[in-house]
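Take any residue in the sequence shown, note its place counting from 1, add 193, and you have its number in the numbering used here. For every residue, glycine included, the Cβ atom is placed at its ideal position computed from N, Cα and C.
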Amino acid sequence: MVKSVISDMDGVIYRGKQLIPGANEFIQRLLSSKLPFLFLTNNAEQTPLDLKLKLEALGIHGLTEENFITSAMATAMFLHSQKERATVFIIGGGGLINELYNVGFSISESKPDYVVVAKSSSFNFDQMKKAVRFIDGGAKFIGTNPDMIDPVEGGGSEPAAGTILAAISAATGKTPYIVGKPNALMMTLATRKLGVHPEDTLMIGDRMDTDIVGGIEAGMKTALVLSGVSDTEMIRQFPYKPDYVFNHVGEIDFTLL
Numbered sequence: 194m195v196k197s198v199i200s201d202m203d204g205v206i207y208r209g210k211q212l213i214p215g216a217n218e219f220i221q222r223l224l225s226s227k228l229p230f231l232f233l234t235n236n237a238e239q240t241p242l243d244l245k246l247k248l249e250a251l252g253i254h255g256l257t258e259e260n261f262i263t264s265a266m267a268t269a270m271f272l273h274s275q276k277e278r279a280t281v282f283i284i285g286g287g288g289l290i291n292e293l294y295n296v297g298f299s300i301s302e303s304k305p306d307y308v309v310v311a312k313s314s315s316f317n318f319d320q321m322k323k324a325v326r327f328i329d330g331g332a333k334f335i336g337t338n339p340d341m342i343d344p345v346e347g348g349g350s351e352p353a354a355g356t357i358l359a360a361i362s363a364a365t366g367k368t369p370y371i372v373g374k375p376n377a378l379m380m381t382l383a384t385r386k387l388g389v390h391p392e393d394t395l396m397i398g399d400r401m402d403t404d405i406v407g408g409i410e411a412g413m414k415t416a417l418v419l420s421g422v423s424d425t426e427m428i429r430q431f432p433y434k435p436d437y438v439f440n441h442v443g444e445i446d447f448t449l450l
C-alpha cells in the first residue's frame, strides 16, 4: 500500500501555463488523504513560492512552500556540501540564483569554482563562450537537470537545460555532473524531507529517463502519466518499466495502489 507520494510537476500537473485535466482533483485528494507528499521538480527557474503562486493562479489552493523541492534547491545543497562560500558562474533563472545566494555563494566571472547550468530563456553565445572558458580554466561543470525538452501548453515542447548542457559539453569535451532527477541525491533529499521509506512511496512523473528510472533506482513504486512528454510507444524503448501507467493524474486512486 502506498504511504507517501512524490510527484513531478511539468507534464504532470501542468503544461506551461495550462493545467492538466484532473490535476486539481488529484491534489485535493492528496491533501484530504493526509498522505505525506512532495512535488519534486527538475524546474530550476522558479522558487517554491513561485510554484505555489503559479498553482494558485491555475486554481489550485491549499499548498505551502514546504510541499516543493526544486533541482535548484538540490544543486545548492549539494554544492554547499562540497565547498562553502564558493564562486559560481550561472546560466539560469532567478530560482537558481536565489538558492545559490541562500547557501552563501557569490556570482563571479573571475575564475569561478563552478559553472552551474539550468534552463535559460536568455541563453546566448556570449554566455556559452564564458562557460567554455571557465570550464577549460578549471571550473567544475554542474547541471541542474538533464531534461532535453519541456512540455508546453497546446501539446508542444521547448528546449530545456539538457540542450544547453549538450552544447557546452560538446565545446569543452567535459561531461557535467547532474544533480537533479534521476540522481539519487535528489530522490534521497525528498524521502528524507518527508521522513518516509522509499519502498512505501509512489513516484509519479511523465519522463521515463528521469522520473521513472530515478524512482526505480531509489526503490520506489513508480507511475508514468501520459500527459507530458511520454507515450506508450516510448515505454517499450527502455529496459525498465513503471509499475503503473495512467493517462493523467486524475486517474490515480491511492487506495487501490
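| Asked | Found |
| --- | --- |
| Three or more C-beta pairs below 8 Å linking the region 389–402 and the region 353–371 | no |
| Buried versus exposed call for TYR294 [16 or more other C-beta atoms within 10 Å across all chains shown] | exposed |
| Beta-ladder partner(s) of PRO344, from DSSP | SER350 |
| Alpha carbon of LYS304 to alpha carbon of GLY285, nearest angstrom | 18 Å |
| Helix, strand or coil at GLY285 [DSSP, three-state] | coil |
| Beta-ladder partner(s) of LEU212, from DSSP | TYR207 |
| Buried/exposed call for ARG208, threshold 16 Cβ in 10 Å | buried |
| Classification of HIS441 by the beta-carbon crowding that lies within 10 angstroms, buried from 16 upward | buried |
| Three-state secondary structure assigned by DSSP to MET401 | helix |
| N-terminal and C-terminal residue of the alpha helix (DSSP H) that SER274 is part of | 264–275 |
| LEU256, DSSP secondary structure in three states | coil |
| Validate contact between the region 429–437 and the region 410–419 using beta carbons, cut 8 Å, 3 pairs | yes |
| DSSP-derived helix/strand/coil call for PHE394 | Sequence inspection shows Thr at residue 394; the Phe mentioned does not correspond to that position. Three-state DSSP puts THR394 in a strand. |
| Same chain, Cβ closer than 7 Å to GLU351, five either side skipped, listed in chain order | ILE342, ASP343 and VAL345 |
| Collapsed DSSP secondary structure at LYS312 in the structure displayed | coil |
| Residue nearest to LYS333 in terms of C-alpha spacing, selected from ASN291, ALA360, TYR370 and ALA265 | TYR370 |
| 7 Å CB neighbourhood of GLU258 in its chain, flanking five on each side removed | PRO241, LEU242 and LYS245 |
| Own chain residues within Cβ distance below 6 Å of PHE327, not counting five before or after | PHE282, PRO305 and VAL308 |
| Rounded separation between PHE271 and VAL296 - CA only | 10 Å |
| ILE199 - partner residues in DSSP beta bridges | LEU231 and MET396 |
| Spatially closest choice to GLU217 from ILE300, ALA237 and LEU248, by CA coordinates | One point to set straight first is that residue 217 is Asn, not Glu, in the sequence displayed. Checked all of ILE300, ALA237 and LEU248; the closest Cα to ASN217 is LEU248. |
| Helix, strand or coil at LYS333 according to DSSP, with G and I counted as helix | strand |
| Any non-hydrogen atom of the ligand ATP within 7 Å of GLU346 CB | What this structure holds is no ligand at all, so the ligand ATP is not there to describe. |
| Alpha helix (DSSP H) segment containing THR384, residue limits | 377–387 |
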